[in-house]
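Going from the sequence shown to this note's numbering is simple: count from 1 and add 1.
Every residue gets a Cβ at the ideal spot worked out from N, C-alpha and C, and that includes glycine.
From a predicted model like this one, the values you see are computed outputs, not experimental measurements.
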Amino acid sequence: MMKNLWSVFIGLIIFFILVEVSFRIYGLFLKPDLKISKDVFKIVCIGDSSTYGLGASKPSYAYPAQLQKLLETNNKVQVINLGLPGINSSQGLELFSKNISRIFPQVIIVCIGINDPWNLEQSNIIRFYESKGLMKFNLYLKYYISNLKFIRFLKLILISSEDKKSNKDFPIPSFSRDTIFKNNKLMPVQAEQNNALRKNYAYNFKEYVKLAEKYDSKIYFLEYHAPGWQNPQTIIHEIYNELNLNVIKIYDFFERMDNSNNDIRSADGWHLNDKGYEILAKIICNNLKDKIALNCPFFILKMEPDTKNEQ
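Have a look at this one:
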């Protein structure tokens, strides 16, 4: 009986190893299906769900697509969306480094890092933790398990099945600023994690800049439009300033829009909707005007319905 159990156990281990190796080999040959135009000015947008366009009614309302529409009237331009929901700044860096030589962009817009506190997959943060003993062992164990391709594939299946079970009669729960701050009190950010996050962001953002300089591209870092889980945007924006990066500031503007009850959020209460992404694209246009070799339009953005502040 025990012999049979051991045979089954060893067989399962071999099976999982073979599956893991297969996923990793497949990943070496997997690249985004990018349709890159020739002889046009190229802008590449790197980021997570806010770049991907989660919350928009369709992909053509994500901010990169709307930026394309705003610019193409007077320019030969292609705006490429390299946004993927849920990725951290290290994953974005890997995606960027694998594709920049295919694109050769003149301008790069980066908005990434808000998922770093909870997403350890392929993260550089592990090198910046100073834990010792059992705490360090647990951290590394969690890190390596989360980085198994097989485990990540199972997560995708579970997420997909949950999406299919979702019922339109039950609205998506609100993920408001109040909800975020309440969750922060329940799960406070430890000083060590803050320190590791800071070093991780600084390291990754410097690598983005190095890649941009290597390909003679201008790079801009976009602020987040709302606070994230455990408020990582605070650290992200501080690192922007510490590294003296080219920053497109949007956080305060969107906060004022939220406070004046503008309809800019999707059903989850955090991501932008079609209108929100349109405003974001216009702010980017305003910030790029006279800084890049394009004829960028300028937009007067007013608060609605109860204020008249302008961006």
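What residue range is occupied by the uninterrupted alpha helix (DSSP H) comprising residue i?
i       : result
Ile-37  : Per DSSP, Ile-37 belongs to no alpha helix (DSSP H) and is neither H nor E.
Gly-277 : 275-289
Ile-101 : 90-104
Ile-236 : 233-243
Arg-257 : 252-260
Glu-73  : 64-73
Tyr-53  : 50-53
Relative to the C-alpha of residue i, which candidate in the options has its C-alpha closest?
i       : options                               : result
Asn-263 : Ala-57, Lys-303 and Ala-66            : Lys-303
Gly-270 : Ala-57, Leu-35 and Ile-44             : Ala-57
Tyr-53  : Ile-240, Gly-134 and Ile-110          : Ile-110
Val-41  : Pro-86, Asp-49, Gln-69 and Ser-61     : Gln-69
Lys-43  : Asn-116, Lys-77, His-272 and Gly-277  : Lys-77
Asn-232 : Met-258, Gln-194 and Lys-215          : Gln-194
Thr-235 : Phe-138, Tyr-252 and Pro-86           : Tyr-252
Val-248 : Ala-66, Ile-293, Leu-55 and Ile-285   : Ile-285
Tyr-278 : Ala-213, Trp-7, Leu-71 and Arg-128    : Leu-71
Ala-268 : Ile-15, Leu-55, Gly-48 and Ala-294    : Leu-55
Ile-146 : Phe-105, Trp-230 and Asn-120          : Asn-120
Leu-281 : Lys-59, Gly-48, His-238 and Ala-63    : Ala-63
Ser-98  : Gln-67, Ala-213 and Lys-143           : Ala-213
Ile-104 : Gln-79, Ser-124 and Asn-139           : Gln-79
Asn-287 : Asn-260, Ser-261 and Lys-250          : Lys-250
Ile-47  : Tyr-221, Ile-265, Ser-261 and Asn-260 : Tyr-221
Asn-100 : Glu-131, Gly-87, Glu-73 and Lys-36    : Lys-36
Glu-122 : Tyr-141, Ile-15 and Phe-255           : Tyr-141
Lys-211 : Leu-246, Glu-256, Arg-128 and Asp-259 : Leu-246
Tyr-130 : Pro-86, Asn-196 and Leu-85            : Asn-196
So, using beta-carbon positions, are residue i and residue j closer together than 9 Å?
i       : j       : result
Cys-112 : Leu-223 : yes
Lys-276 : Phe-300 : no
Ser-51  : Leu-198 : no
Ser-90  : Tyr-216 : no
Lys-219 : Lys-292 : yes
Asn-82  : Pro-106 : no
Leu-244 : Asn-75  : no
Asn-201 : Asn-139 : no
The beta strand (DSSP E) spanning residue i covers which residue range?
i       : result
Asn-82  : 78-84
Ile-220 : 219-223
Cys-112 : 108-112
Would the C-beta of residue i count as close to the ligand MG, meaning under 8 Å from any of its heavy atoms?
i       : result
Lys-133 : With respect to small molecules bound, the structure shown includes none, and the ligand MG cannot be examined in it.
Could you check whether the Cβ of residue i sits closer than 9 Å to any Cβ belonging to chain D?
i       : result
Lys-276 : Of the protein chains in this structure there is only one, and it is not chain D.
Check your understanding: Any chance the region 193-209 sits against the region 86-103, with 3 or more Cβ pairs inside 8 Å?
Key -> yes
Check your understanding: Between the region 114-121 and the region 215-232, are three or more C-beta pairs nearer than 8 Å?
Key -> yes
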